[in-house]
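In our numbering, the protein residues as written are 939 to 1035. The structure appears below as structure tokens.
Here's what the structure looks like:
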């Protein structure tokens, strides 16, 4: 995890669940992201979206095995990134195979 000052945080994570970041996991991601005050951005390849926007997160079309980069900026940036990385790495509670 990279902390830029103590207000910016970014970390990469591999999408682990079988069907990737489809509607239900995207909704879970946005629900969790919305609990934090920090601005949250998610990037896959060259596309970066608002992590609190369901349409934005779904536009990433992140399949299983994709690497996404989660960046947060604000007072709770580190907590936000850690929680979101954990959610993605744990496969959103879905099967891995």
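Using N, Cα and C, we set each Cβ at its ideal position, and we do this for glycine too.
Only residues of its own chain outside the window of five on either side were considered, and among them 997 and 998 have a CB closer than 8 Å to the CB of residue 985, listed in chain order. For the pair residue 1027 and residue 976, the CB atoms are not nearer than the 7 Å cut-off. Contact annotation, residue 951 with residue 1008: C-beta distance approximately 7 Å; criterion of less than 8 Å satisfied. Inclusion of residue 1006 and residue 969 in the CB contact set at 7 Å is not warranted, their separation being larger than that value.
As summarised for the stretch 942-1000, the continuous alpha helix (DSSP H) elements at least 4 residues long and confined to that stretch are 961-971 and 992-997, given in chain order. In this chain, residue 1002 is not harboured by any alpha helix (DSSP H), its DSSP state being neither H nor E.
The beta-bridge partner set that DSSP reports for residue 1009 consists of 948 and 979. Between residue 1000 and residue 1025, the C-beta spacing is not below 7 Å.
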